[in-house]
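Be aware that the sequence shown starts at 2, since it is given in our numbering, and climbs by one per residue. A virtual CB, placed ideally from N, CA and C, is assigned to each residue, including glycine. This structure is a prediction, so every number in the text was calculated from the model and none was measured. Report on one structure; see the data block that follows.
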Amino acid sequence: MAKCYRCEATLTDEFCAKCGHPAEQPRLTGAYLASELASIFNLERGFFYTIREMILRPGVATRGFVLNDRTRLVKPIIFVIVCSFIYTFGQQLFGFEDGYIVYGDSEPTTTLAIFTWISNNYGYANTGLALFTAVWVRLCFSRYGHTIFEILVMLCYVIGMIMLFMTVIGIVQVTTGLPIFQLGAIGTFVYAPWAIAQFFDKSRIWNYPIAFLCNIAGLLSAVFFVLLLGNTIDALRAI
Numbered sequence: 002m003a004k005c006y007r008c009e010a011t012l013t014d015e016f017c018a019k020c021g022h023p024a025e026q027p028r029l030t031g032a033y034l035a036s037e038l039a040s041i042f043n044l045e046r047g048f049f050y051t052i053r054e055m056i057l058r059p060g061v062a063t064r065g066f067v068l069n070d071r072t073r074l075v076k077p078i079i080f081v082i083v084c085s086f087i088y089t090f091g092q093q094l095f096g097f098e099d100g101y102i103v104y105g106d107s108e109p110t111t112t113l114a115i116f117t118w119i120s121n122n123y124g125y126a127n128t129g130l131a132l133f134t135a136v137w138v139r140l141c142f143s144r145y146g147h148t149i150f151e152i153l154v155m156l157c158y159v160i161g162m163i164m165l166f167m168t169v170i171g172i173v174q175v176t177t178g179l180p181i182f183q184l185g186a187i188g189t190f191v192y193a194p195w196a197i198a199q200f201f202d203k204s205r206i207w208n209y210p211i212a213f214l215c216n217i218a219g220l221l222s223a224v225f226f227v228l229l230l231g232n233t234i235d236a237l238r239a240i
């Protein structure tokens, strides 16, 4: 008599009567591997739902995740990593331009090297921008009582959606020849403040311009940090 591989009980059916383990495992296929990969990233459920929610009501959806239900949306870190990967893969495959910061230093400085890396890896570098933006958002919206970690979670979703949006814009530009990539970049400066303001209180009109200023301040702070870091490293090397 055949025995269960797991508990060694005698098998009388397709499944073990003692532990429920199948008597025979199905052969591994491409569909199985795809489902396993999807389960690792929590994409078998919720990914497209997350995208839909982030299009229709981004602030409300992310606030719901932070305060109420954390099972309906894809986990924030996984979401932004996957979206950044999609952007990077799309950029490499279709060759659309990326990066919005142009640093015109002709000397081979550390600052130039950092900006070059950012330009070549904008999908991932953009995630670091969330750290600077989160500080400004925390300062300007402190009356709502959200921690900086809750704000970072919200920004992970926002940045992930921006990466997906720019991927679509880049592919459309390459396939149609329409110069819309920079126009799409401008659109992200509208989407991000809208999502941030909605996260706190979508009915308060002043939240939207404040969120816009936080977004700009986060970008400028990131640029200033890179300049400070690069110049400091070069100064230390020159000593």
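May I have the straight-line CA-CA distance separating Tyr125 from Ile217, to the nearest angstrom? 19 Å
Taking 6 Å as the limit between beta carbons, can you name the residues of its chain near Cys141, skipping five residues before and five after? Ile211 and Cys215
Since Val191 is in the alpha helix (DSSP H), which residue starts that stretch and which ends it? Phe182 to Asp202
Since Ile187 and Val138 should fall inside the 8 Å C-beta cutoff, what is the C-beta to C-beta distance between them, to a whole number of angstroms? That pair is no contact at about 21 Å.
Own chain, CB closer than 8 Å to Ile78, minus 5 neighbours either side, in chain order: Counting only Cβ-Cβ distances below 8 Å, and skipping sequence neighbours, we find Cys157.
Between Thr176 and the rest of its own chain, which residues show a CB-CB distance below 8 Å, the 5 nearest in sequence each way excluded? Excluding residues within five positions, the ones whose Cβ falls inside 8 Å are Phe95.
What does Lys4 pair with, by DSSP beta-bridge criteria? DSSP output for Lys4 lists Thr11 as bridge partner(s).
Whole-angstrom distance between Arg71 and Gly65, CA atom to CA atom: 8 Å
Suppose you measure from the CA of Thr189 to the CA of Leu229; what does that come to, to the nearest Å? 26 Å
Taking only the alpha-carbon atoms, compute the straight-line gap between Ile172 and Ala18 and give it to the nearest angstrom. 54 Å
Where the alpha helix (DSSP H) through Val173 begins and ends: Start and end: Ile149 to Thr177.
Among Val159, Thr168, Trp195 and Ala3, whose alpha-carbon lies nearest the alpha-carbon of Gln92? Comparing Cα positions, the closest option is Thr168.
Under three-state DSSP, which class holds Pro77? helix
Would Leu130 and Gly219 qualify as a contact pair, given that the criterion is a beta-carbon distance under 8 Å? yes
Beta-ladder partner(s) of Pro27, from DSSP: Its beta-bridge partners do not exist; DSSP assigns none.
Which class does Arg97 belong to by DSSP, given the choice of helix, strand or coil? A quick correction: the sequence has Phe, not Arg, at residue 97. DSSP places Phe97 in coil when its eight states are reduced to three.
Between Thr134, Met55 and Phe116, which lies nearest to Ile163 when the distance is taken from Cα to Cα? Here the closest residue by C-alpha is Met55.
Cut-off 8 Å between Cβ atoms - residues of its own chain near Leu165, not counting five sequence neighbours on either side: Ile52, Cys84, Ile87 and Tyr88
The alpha helix (DSSP H) spanning Pro59 covers which residue range? Per DSSP, the unbroken alpha helix (DSSP H) holding Pro59 starts and ends at Pro59 to Leu68.
Could you tell me the distance, in whole angstroms, from the CA atom of Gly178 to the CA atom of Tyr123? Each residue's CA atom was taken as its position, placing Gly178 and Tyr123 some 22 Å apart.
Could you compute how far the alpha carbon of Arg238 sits from the alpha carbon of Phe90? Cα to Cα, the separation comes out at about 36 Å.
Keeping to the same chain, check which residues put their C-beta closer than 8 Å to that of Gly60; ignore five residues upstream and five downstream. Met155, Trp195, Ala196, Ile197, Ala198, Gln199, Phe200, Phe201 and Lys203
Inter-residue CB distance, Thr112 and Val191 (contact presumed, cutoff 8 Å): Thr112 to Val191, Cβ: 30 Å. No contact.
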